[in-house]
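Numbering (the working numbering), first residue to last: 494 to 652.
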């Protein structure tokens, strides 16, 4: 049985976790890092994470799906979304599954075409080489693959 001080610490850590989860879903690694930053004991952190998982408040797969959906609607490319999920501590197999499912719903080539057409309006007064260079740079920073970008640029930018 835990002593009174440990129970108080557990309750404070749990309340802090709920506060974080109130604003948006989080990965297990994010909650762990935030609790460590608040200097909770490792044992308390493990107990809180186990409690949150058991009660369904913490689910890395559900977080990955929600994160991917929101980022693809921004729109960002799957390459960038995968990188962000890795940083947030999501397992590689979950990332692969979620991104494969999302890739089927949000084809990158269509998204790139829409973004490229919008951006090309801004570059209308530039020469073709400058248009291609700027468009490529913009889209690569958004996380789209270079193959998809090259296809879109060749299709949309006229010599």
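A virtual CB, placed ideally from N, CA and C, is assigned to each residue, including glycine.
Inset, instruction - With DSSP as the reference, label residue 644 as helix, strand or coil. - result: helix
Inset, instruction - Pick helix, strand or coil for residue 627, following the three-state DSSP scheme. - result: helix
Inset, instruction - Let me know if residue 538 comes out buried or exposed under the rule of 16 or more other beta-carbons within 10 Å of its beta-carbon. - result: buried
Inset, instruction - Go ahead and label residue 639 buried or exposed: buried means 16 or more other beta carbons lie within 10 angstroms of its beta carbon, across all protein chains shown. - result: exposed
Inset, instruction - Would you kindly check if the distance between the Cβ of residue 571 and the Cβ of residue 595 is under 8 Å? - result: yes
Inset, instruction - Since I believe residue 565 is in contact with residue 606 (beta carbons under 8 Å), could you give me their beta-carbon distance rounded to a whole number of angstroms? - result: 15 Å between Cβ atoms; not a contact.
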